[in-house]
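K.L.:
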Amino acid sequence: MNEISVPRPNSLDAYWMPFSDNKYFKGDTSRMIARAEGMSYYTPEGREILDGTAGLWCCNAGHGRVEIKEAIQKQAAILDYAPTFQLGHPIAFEAASRIAEMTPEGMDRVFFTNSGSESADTALKIALAYHKARGESSRVRLIGRERGYHGVGFGGMSVGGIGANRKQFGALLPYVDHLPHTHGLKENLFAKGEPPAGAHLADVLENLVALHGAETIAAVMVEPVAGSTGVLVPPAGYLKRLRELCDKHGILLIFDEVITGFGRLGTNFGAERLGVVPDIMTMAKGLTNAAVPMGAVAVKNGVYDTVVNGVAGGIEFFHGYTYSGHPLAAAAAIATMQLHQSEDLPGRARAIEPYWQDAMHSMRDAPNVIDIRDIGLIGGIELAPRPGKPGARAMDVFRRCFDAGVLVRVTGDIVALSPPLIVEKPHVDRIVGTLTDAIRAEA
Ligand code: PLP
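In UniProt numbering, the protein residues as written are 1 to 443.
#1: Am I right that Gly227 and Trp16 are in contact with their C-beta atoms under 8 angstroms? What's the rounded C-beta distance?
#2: Once the 5 residues before and after Pro180 are set aside, which same chain residues still bring their CB inside 7 angstroms of it?
#3: If we count the other Cβ atoms within 10 Å of its Cβ and call it buried at 16 or more, is Phe318 buried or exposed?
#4: Do Lys240 and Val276 have their beta-carbon atoms positioned less than 7 angstroms apart in this structure?
#5: Strictly by DSSP, which residues pair up with Tyr41?
#6: For a test of your reading of the model: does the CB of Gly151 fall under 6 angstroms from any non-hydrogen atom of the ligand PLP? Yes or no.
#7: Nearest CA to the CA of Leu142: which residue from Ala129, Pro44, Glu48, Pro196?
#8: With DSSP as the reference, label Ile422 as helix, strand or coil.
#9: Note the first and the last residue of the continuous beta strand (DSSP E) segment covering Ala219.
#10: Let me make sure I understand the geometry here. Which of Val6, Gly52, Ala14 has the alpha-carbon closest to that of Ala34?
#11: Which value, in whole angstroms, describes the spacing of the CA atoms of Ala54 and Met395?
#12: Kindly give me the distance between the Cβ atoms of Ile370 and Glu353, rounded to whole angstroms, as I take these residues to be in contact under 8 angstroms.
#13: Could you tell me which uninterrupted alpha helix (DSSP H) segments, each at least 4 residues in length, are contained entirely in the segment 317-382, listed from first to last along the chain?
#14: Classify Ile431 as helix, strand or coil using the three-state DSSP reduction.
#15: To which residues of the same chain is Gly184 closer than 8 angstroms at the C-beta, ignoring the five residues directly before and after it?
#16: Please tell me whether, using a cut-off of 6 angstroms, the distance from the CB of Asp121 to the nearest non-hydrogen atom of the ligand PLP is below it.
#17: Cα-Cα, which of Thr84, Gly106, Gln86, Phe111 is closest to Ala96?
#18: Between which residues of its own chain and Gly155 is the CB-CB distance below 8 angstroms, once the five residues before and five after are set aside?
#19: Can you look up Gly144 in the DSSP assignment and give me helix, strand or coil?
#20: Which residue or residues does DSSP assign as beta-bridge partners of Asp13?
#21: Determine the contact status of Val303 and Ala284, defining contact as a CB-CB distance below 7 angstroms.
#22: Using three-state DSSP, classify Met281 as helix, strand or coil.
#23: For the segment 325-335 against the segment 80-100, are there 3 or more C-beta pairs whose distance is under 8 angstroms?
#24: Quick check: is any heavy atom of the ligand PLP less than 6 angstroms from the C-beta of Val258?
#25: Three-state secondary structure (DSSP) at Ile72?
#26: When you compare the CB positions of Pro224 and Leu274, do they come within less than 7 angstroms of one another, or not?
#27: Restricting to Cα atoms, I'd like to know which of Asn114, His361, Gly237 is closest to Ile431.
#28: If you reduce the DSSP assignment to three classes, tell me which class Gly295 lands in.
#29: In whole angstroms, give me the CA-to-CA distance for Thr29 and Phe85.
#30: At a threshold of 6 angstroms, does Ala351 count as lining the ligand PLP (C-beta to nearest heavy atom)?
#31: Count the other C-beta atoms from every protein chain shown that fall within 10 angstroms of the C-beta of Pro9, then say buried if there are 16 or more, exposed otherwise.
Here it is in structure tokens:
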């Protein structure tokens, strides 16, 4: 093992770690990451950890890509920062045009944010502004879905459907409702790809329309594939049905493509793979390969036109961030999108998907595995919880895998896998071998 020369923190006290068991981590610092390259992370001691999760679903092109690093360095030397409120700088416009080339046809207008959470809140605000501009100010209700994750801003958290993310914070946005989640553990057990049963769950939108009135509903927001709550793949036909109902009732459909964007499902965006085009699409993570924080919201041209032409002059949309379209992030995004194209990363994901799928389902007979789900380069392995200790088994599996040199991610008792799209068969074998051993050891 080659120890890496990185500064060691003198104290762990000051940093309040996000979504973490701070007490546990600070008591056992063996899970520190110091460096990354290709498919792997390295600890400060030089131990290699194979990345089975692309960081947090975001380093789709693999780690330490020289092309992205050089683009950021070059841009930092040209223009570190310039405002984009009533001003512009060329690279932000170029980044937006590149995104528009990747999004579905007719969805060519792009608003920049700095994260998935900001993209979610921005998308919801665009939906409200759109209806107001059309003279339908009564459309203020936002519909999410149980077990949906749209980040941690007040909008995304309210529309999201994760109890644990909400209960510390009391009152959230009013006028929010939720569709049922689509996880059919009984009907769709060990389904491969899109599960067969459950398209009818979209029809619950009709009940919400009957309850509240279509004239009060602005938007429905869902992830094409829910990742953070344990890899919930939409039942075949579900998203199409949702699209039809939104059209019928004049409701905007928002896809949160923060993890499904940029090749994860073997296509540029989940919309393409799943054959349904939303009105608004959020993105982040893979947009810059996570090298610089950046998010974006793409909208259909008609949505943009409605909001922008809705006022005679002056600012049309009272929203934006100091760092919207930040030059370094824009440079990283352009370099990342060039890599997607030159290395056909979505194509690589498609090519290895059958191998990945077989590998995922090979864990079926491991002890306590109660379901396995997959689509694109995503896998979810659901474990039976330890009696009275939800989440404990999967957390022990996570720690055991890390100690054995493989990074997996857990949510509740579900192990979620999402390797960089440059993953090769031997990596897949190592991820699955290590994970299977860990699941056996925790039986
Ligand atoms: N939306 C989805 C679907 C996500 O998976 C995530 C993060 O995992 C977010 C939004 C939030 O993104 P961020 O953590 O960049 O705010």
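Each residue gets a CB set at the ideal place from its N, CA and C atoms; glycine is no exception.
Treat the numbers as computed from the prediction; the structure is a model and nothing was measured.
P.N.:
So, to answer that:
#1: The Cβ separation is near 25 angstroms, so there is no contact.
#2: Glu146, Leu201, Val204
#3: exposed
#4: yes
#5: Ala36, Ile49
#6: yes
#7: Ala129
#8: coil
#9: 217-222
#10: Val6
#11: 18 angstroms
#12: About 23 angstroms; that fails the 8 angstroms criterion.
#13: 327-342, 345-361
#14: helix
#15: Pro195, Ala197, Gly198, Pro235
#16: no
#17: Phe111
#18: Ala120, Asp121, Leu124, Lys125, Leu142, Leu173
#19: strand
#20: DSSP, once it has assigned bridges, lists no residue as partnering Asp13.
#21: no
#22: strand
#23: yes
#24: yes
#25: helix
#26: yes
#27: His361
#28: strand
#29: 43 angstroms
#30: no
#31: exposed
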